[in-house]
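Engineer: Residue numbers (the numbering used here), protein chains in the order written: chain A, 1 to 515; chain B, 1001 to 1207; chain C, 2001 to 2266.
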Amino acid sequence: MPAPSQHGSPAVRPAAVSAHGWGWRHAGRTRPAVHALDLDIRPGERVLLLGPSGAGKSTLLHALAGVLGDADDDGEAAESDESGSLLVDGAPPRSRRGRAGLMQQDPETQVVLSRVGDDVAFGAENLAVPRDDIWTRVHEALADVGLSHLSLDHPTSALSGGQKQRLALAGILAMRPGLILLDEPTANLDPAGVLEVRDAVARCLDKTGATLVVVEHRVGVWKDLVDRIVVLQPGSASDPAVLLDGPPDTVLEGAREMLKTAGVWVPGYVPATRHRTAASPADGDLLLAADNLAVSRERPRRSRFRKIPPVPVQEGIAAQVISGQALAITGPNGAGKSTFALTLGGLLAPVAGTVGAEPRLGQGAGPDPYRWKAEQLIERIGTVFQEPEHQFVTGRVLDELQFGPRHLGHGAERVDELLERLRLTGLVGANPYTLSGGEKRRLSVATVLAASPRVLILDEPTFGQDANTWAELASFLTELLDTGTAVVSVTHDAEFTAALGGAELRLSAPERVAP
Amino acid sequence: MSTAAIKKTTSRSWRVVDIVVAALIAIAGGIIFWAWSQGAAAVSAPMNAVYPPLTGLLAGGWMIPAVLGMLIIRKPGAALFCETIAATGELFMGSQYGASVLFSGFVQGLGAEIIFAIFVYRKFNLPVSLLAGAGAGLFCGLNDSFAPWGWNIAYSGGDKLAYIVFTAISGAVIAGALSWIATRGLARTGVLASFASRKAASEPAFS
Amino acid sequence: MRQELNLSGGTAVLTRANPLSKFAAVFLVTLVLALSIDWVSASVALACELLLFPLAGLTLTLLWQRGWPLILAAAVGGWSTSILAADSGRTLIDVGIWTMSEGSLETGAGFLLRGLAIALPAVLLMSCTDPTDLADALAQKARLPHRFVLGTLAAMRLVGLMAEEWQTIGMARRARGVGSRGSVGQRIKATLGQSFGLLVQAIRRASRLAVTMEARGFGGGERTWARESTFSALDVWVVAGGALISGLAVTAAVSAGTWNMVWLGQ
């Protein structure tokens, strides 16, 4: 059992969870998200929820947080449906405001207000805690998550992803909840941020003794912190919603293969990927080079009669992109990796220095990718953004794939091959925005490749992906490399870099320290 | 196993998600128009030089939040709320109209709101959207021409009339039609899952 | 991009005043100036406003860098007014639909100055008003419904993020072959597509933010306020200052004989 509170603050009473035959169907859907769930969680227990996408893990967390339901309806059959019972401390979660605190994946939406102190105070205010008590709680919560060095009016927009999630945790702690719910809290963070958040959660649990339910694909991060793993499966009339339930080691041992098949990152597992066959990197052709390059997302400021160049986030970058070779751009957050990739891809103008395309890549369009027309760009350099949705330009998967080739006046000969190869054939009629995370990632790679660029640039292609999509992507890229395409990836993922091989360009953190 | 449909909140009252989404639509609308107006100078400058009331034809862009907000949220007050918030956002970014932009926003929102209210907040099809856009445009034109802070207060009568006709047309086409098309597109992406407008894409355009 | 949207005045005197009193003062000045189009009242108000800038932590350099679109807009307004306002006095220009006379030129010039004198106090107001303080004042002092005020405040925090996302979506679409350079028609089409992309992200983000807020107990009836919105002696000065500027402007214009109520015709 967790240790009682230190610092003399009153320990919270940990919450109990019990679900009996609980099910939920979202408004407008035909299939339930969760079906017939039976689960009891004792006060103070720490549970890791696993399962394939579609198993209803997030739905369960939302329900426990009391934020599920309440969809707008017009009285037709589209209403949401609940069955069975789901109780926190013996009462429906909605009636237990403040008993549970929820943290979601996207750090930007876990922060509510623009000053650190106000943000932590927000939950306590809503629970009508007296003003003086609120500030006591705020200071204590900030100390617990390791952010007490920040002043209360520090702007929340200046925090890193990991800091934002720790701030969200502080906001949750200030409500003194008995149940802490974490929905993939570290999926959008770099490795340093992941540990930051995990350790803060561990400290707070040791101090408060609250019950924990966490959903996360990367089991290794949470394995040592939880004392129970529950594996869910998409519910149906014949199968129970809980597939496996037990202590971490037992479950991971017994279900290792099953979990791997479901794409869960079980500890110590690196999915097998295809190896490169045409491994003679020395004879590639130089396609694109960066020379003494300085980069920034800001545009030059026009002030009266002259242009003031922006302050670069990174300068003096030199790199060579060679056909059939991989280049990994690595380094800490804030080092300008993505900005460099965007500049290399002809999407941002260099602040200083040059990005130069060799004639064999430029093919009459000139040496400066930033000056190329959009149609010229996509058949020379393809860039896959971190967020696939940013690149969707049509309302149908098939149109999405044919968009590039049509623009170029090509036939769509590659489209069928890409559909097949990236397992999108069954989805051709779907709206791209409605796909799952893994499907969106595969589609975004396919759409860029449909224009047959000779250089492919990917920004954090493996972020938040399950092991299956990860392996597929890595294998596919090795094939692409073998056919002579140059692959540049911005990544924190050392295993991915290793799977592709090739050179690494490590950018260092900027010298200026954020205020 | 007991099955109970979740008790729905009275569909006229605003949930937290309605408020936050409406506010962000208004703010995103402000950003879009801000970005747009940086490039639109190429269009509006010649209009101004030739016949200033012609700029009324661009006014519909300001009224998108009113119509779009209502088409998505489908709650009484959505047009008024979104347009007022959009104006507040503009005030924060630095508006050429000063604090009077708040009143303009309120009045434009009111123009759209009245139309939706006439249809008792039950119809959100293309004709109603066009009317709502025109209503917002009409009120915008009236405000600009007759309110003391209006920019066209010193125009002579015929020019004021021309301007008002232009803003109403612009409101119907830019704010009305575009918002209606955008709502259908948004419904197809699944982001409207928690709103009654989630079915907008399959609703008939005219009934 | 975030900085361009932020006019923060830091620790200047006026940042400590209650936003409601600042709004009251600005509304008063705006209303009074709106009542007349004449260069005297506008110039007097403009001069007073410029004197107040240091109190809001603004410098003229900063104003010039951020405020030139306002000046340009006011100039355009002056131009259109001078060619369209009712003519009087000697005709200066007469080319088809364009006519500019001494009378309409004077109206146009007054209009230009008035536009600036109305726009500037809003810049002044916003540069020394924190959105959070404004929301606190609106909910606690003006008694607006707190769910709407705080819901909007939380959404406003995402404005910088949305502005960045707008830029990112533009680049992401170029990487798909959608050109944002080209003819006006092409650019409009590209902007519409980009706007749609931004809207999808805005609604997704807002929905998640709403869940975060509800999960922190937001949306119920009773709530306390960690920051109390208060009035102080400074607020009396702020409102009195607004009244003084309005009074000076009217007195000057009336005694110079230029006061000219907008509804009473020119």
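The beta-carbon is built from N, C-alpha and C at its ideal position, and this holds for glycine as well.
Please list the terminal residues of the continuous alpha helix (DSSP H) segment that includes residue 2200 of chain C.
Structural biologist: Start at 1 with the first residue of the third sequence, and residue 2200 of chain C comes out as number 200. Looking at the DSSP string, the run of the alpha helix (DSSP H) that includes residue 2200 of chain C is 2184 to 2215.
Engineer: Beta carbon of residue 119 of chain A, beta carbon of residue 171 of chain A: below 8 Å?
Structural biologist: Along the first sequence, read from residue 1 onward, the residue named residue 119 of chain A stands at position 119. Along the first sequence, read from residue 1 onward, the residue named residue 171 of chain A stands at position 171. Taking the C-beta atoms as reference points, residue 171 of chain A is found nearer than 8 Å to residue 119 of chain A.
Engineer: Are the C-beta atoms of residue 431 of chain A and some chain B residue less than 8 Å apart?
Structural biologist: Sequence index remark: in the first sequence, residue 431 of chain A carries index 431 (1-based). Output row for residue 431 of chain A: interface = yes.
Engineer: Name the chain A residues whose beta carbon is nearer than 8 Å to that of residue 2157 of chain C?
Structural biologist: Start at 1 with the first residue of the third sequence, and residue 2157 of chain C comes out as number 157. Correct list: 111, 112, 113, 114, 156, 157.
Engineer: Short check: CB of residue 348 of chain A to CB of residue 393 of chain A, under 8 Å?
Structural biologist: As a position in the first sequence, residue 348 of chain A is number 348, starting the count at 1. As a position in the first sequence, residue 393 of chain A is number 393, starting the count at 1. In this structure, residue 393 of chain A does not lie closer than 8 Å to residue 348 of chain A by Cβ.
Engineer: Would the beta-carbon of residue 1192 of chain B fall within 8 Å of that of residue 2158 of chain C?
Structural biologist: Locating residue 1192 of chain B in the second sequence gives position 192, counting from the first residue. Locating residue 2158 of chain C in the third sequence gives position 158, counting from the first residue. No, they are not a contact pair.
Engineer: Give me the subset of the segment 363 to 376 of chain A whose CB atoms are less than 7 Å from a CB atom of chain C, sorted by chain position.
Structural biologist: Residues 373, 374, 375.
Engineer: Chain C partners of residue 106 of chain A, CB-CB under 8 Å?
Structural biologist: To locate residue 106 of chain A, count along the first sequence from 1; it is residue 106. The contacting residues are 2205, 2208.
Engineer: What span of residues does the beta strand (DSSP E) with residue 20 of chain A cover, start to end?
Structural biologist: One-based indexing of the first sequence puts residue 20 of chain A at position 20. Element bounds for residue 20 of chain A: 17 to 25.
Engineer: Pick helix, strand or coil for residue 1155 of chain B, following the three-state DSSP scheme.
Structural biologist: Position 155 of the second sequence, counted from the start, is the residue given in the question as residue 1155 of chain B. Note: residue 1155 of chain B maps to strand in three-state DSSP.
Engineer: State the Cα-Cα distance for the pair residue 1140 of chain B and residue 1146 of chain B, rounded to the nearest angstrom.
Structural biologist: Here residue 1140 of chain B refers to the residue found at position 140 when the second sequence is read from its first residue. Here residue 1146 of chain B refers to the residue found at position 146 when the second sequence is read from its first residue. Roughly 10 Å between the two C-alpha positions.
Engineer: For the segment 114 to 129 of chain A, which residues have a beta carbon sitting closer than 8 Å to at least one beta carbon of chain C?
Structural biologist: 114, 115, 117, 118, 121, 122, 123, 124, 125, 126, 127, 128, 129
Engineer: Do residue 2086 of chain C and residue 2115 of chain C have their CB atoms nearer than 8 Å?
Structural biologist: Numbered from 1 along the third sequence, position 86 holds the residue referred to as residue 2086 of chain C. Numbered from 1 along the third sequence, position 115 holds the residue referred to as residue 2115 of chain C. Result no, Cβ atoms of residue 2086 of chain C and residue 2115 of chain C do not sit closer than 8 Å.
Engineer: Can the beta-carbon of residue 1107 of chain B be found closer than 8 Å to that of residue 1115 of chain B?
Structural biologist: Translated into positions along the second sequence, residue 1107 of chain B becomes position 107. Translated into positions along the second sequence, residue 1115 of chain B becomes position 115. Contact: no.
Engineer: So with Cβ pairs under 8 Å, would you call residue 2220 of chain C a contact of chain A?
Structural biologist: Mapped onto the third sequence, residue 2220 of chain C falls at position 220. Yes, its Cβ sits closer than 8 Å to a Cβ of chain A.
Engineer: How far does the beta strand (DSSP E) with residue 316 of chain A in it reach, from first residue to last?
Structural biologist: Here residue 316 of chain A is taken as the residue at index 316 of the first sequence, counted from 1. Per DSSP, residue 316 of chain A belongs to the beta strand (DSSP E) from 314 to 322.
Engineer: Report buried or exposed for residue 1206 of chain B, applying the criterion of at least 16 other Cβ atoms within 10 angstroms of its Cβ.
Structural biologist: Sequence index remark: in the second sequence, residue 1206 of chain B carries index 206 (1-based). That one is exposed.
Engineer: Quick one: Cα of residue 1195 of chain B to Cα of residue 1021 of chain B, how far?
Structural biologist: On the second sequence, position 195 is the one that residue 1195 of chain B refers to. On the second sequence, position 21 is the one that residue 1021 of chain B refers to. In this structure, the CA atom of residue 1195 of chain B is about 10 Å from the CA atom of residue 1021 of chain B.
Engineer: Quick one: what does DSSP say residue 482 of chain A is sitting in, helix, strand or coil?
Structural biologist: The residue labelled residue 482 of chain A in the question sits at position 482 within the first sequence. In the structure shown, residue 482 of chain A sits in a helix (DSSP, three-state: H, G or I).
Engineer: Grab me the residues of residue 76 of chain A's own chain with a C-beta within less than 7 Å of its C-beta, minus the 5 sequence neighbours each way, in chain order.
Structural biologist: Indexing the first sequence from 1 puts residue 76 of chain A at position 76. The pLDDT assigned to residue 76 of chain A is 46, lower than 50, so where the model puts this residue is not dependable; a value taken from the coordinates is nonetheless given after this. Taken in chain order, the list of residues that qualify is empty.
Engineer: Of the residues A:452, A:497, A:506, which one's Cα is nearest the Cα of residue 480 of chain A?
Structural biologist: Counting from one through the first sequence, the residue named residue 480 of chain A turns up at place 480. With distances taken between Cα atoms, residue 480 of chain A lies closest to A:452.
Engineer: Determine the closest residue to residue 2012 of chain C out of C:2048, C:2058, C:2023, with distance taken between C-alpha atoms.
Structural biologist: Counted from its first residue, the third sequence places residue 2012 of chain C at position 12. Residue 2012 of chain C has its Cα closest to that of C:2058, out of C:2048, C:2058, C:2023.
Engineer: So what does residue 245 of chain A bridge to, in DSSP terms?
Structural biologist: For the purposes of this step, residue 245 of chain A is identified with residue 245 of the first sequence, where counting begins at 1. Paired residue(s): A:230.
Engineer: Quick check on the burial criterion: 16 or more other C-beta atoms within 10 angstroms. Buried or exposed for residue 2100 of chain C?
Structural biologist: What you label residue 2100 of chain C is simply residue 100 of the third sequence in a count that begins at 1. So residue 2100 of chain C ends up on the buried side.
Engineer: Go through its chain and collect everything with a Cβ distance to residue 519 of chain A's Cβ below 6 Å, but skip five positions before and after it.
Structural biologist: What the structure shows of chain A is the stretch from 1 to 515, and residue 519 of chain A is not part of that stretch, so it cannot be assessed.
Engineer: Just mark residue 370 of chain A as buried or exposed, buried being the case when its beta carbon has 16 or more other beta carbons within 10 Å.
Structural biologist: On the first sequence, residue 370 of chain A is found 370 positions in, with the first residue counted as 1. Exposed is the call here.
Engineer: Out of A:80, A:32, A:185, which has the shortest C-alpha to C-alpha gap to residue 104 of chain A?
Structural biologist: Position 104 of the first sequence, counted from the first residue, corresponds to residue 104 of chain A. It is A:185.
Engineer: Between the segment 432 to 446 of chain A and chain B, which residues of the former have a C-beta closer than 7 Å to a C-beta of the latter?
Structural biologist: 433, 434
Engineer: Under the three-state reduction of DSSP, which class applies to residue 75 of chain A: helix, strand or coil?
Structural biologist: If you number the first sequence from 1, residue 75 of chain A lands on position 75. Interpretation of residue 75 of chain A is limited by its pLDDT of 46, a score under 50 that renders its predicted location unreliable; the figure taken from the coordinates is listed afterwards. Residue state, collapsed to three classes: coil.
Engineer: What did DSSP end up calling residue 35 of chain A once you bin it into helix, strand or coil?
Structural biologist: Against the first sequence, residue 35 of chain A aligns to sequence position 35. DSSP places residue 35 of chain A in strand when its eight states are reduced to three.
Engineer: Whole angstroms are fine: how far does the CA of residue 200 of chain A sit from the CA of residue 2206 of chain C?
Structural biologist: The residue given as residue 2206 of chain C occupies position 206 in the third sequence. The residue given as residue 200 of chain A occupies position 200 in the first sequence. The straight-line gap from Cα to Cα measures roughly 27 Å.
Engineer: Comparing C-alpha positions only, which one of A:243, A:102, A:457 sits nearest to residue 55 of chain A?
Structural biologist: Position 55 of the first sequence, counted from the start, is the residue given in the question as residue 55 of chain A. Here the closest residue by C-alpha is A:243.
Engineer: Select from the segment 2177 to 2198 of chain C all residues with a C-beta closer than 7 Å to any C-beta belonging to chain A, and list them in chain order.
Structural biologist: Answer set for the segment 2177 to 2198 of chain C: 2177, 2178, 2179, 2193, 2197.
Engineer: State buried or exposed for residue 1113 of chain B, treating a residue as buried only when at least 16 other CB atoms are found within 10 Å of its CB.
Structural biologist: Taking the first residue of the second sequence as 1, we reach residue 1113 of chain B at position 113. Classification of residue 1113 of chain B: buried, given that the 10 Å Cβ count is 16 or more.
Engineer: Quick one: is residue 2200 of chain C near chain A, going by C-beta distance under 8 Å?
Structural biologist: Locating residue 2200 of chain C in the third sequence gives position 200, where the first residue counts as 1. At least one chain A Cβ lies under 8 Å of residue 2200 of chain C.
Engineer: When you compare the CB of residue 1030 of chain B with every CB in chain A, is at least one pair closer than 8 Å?
Structural biologist: Position 30 of the second sequence holds residue 1030 of chain B. For residue 1030 of chain B, the answer is no, since every Cβ of chain A falls outside 8 Å of its Cβ.
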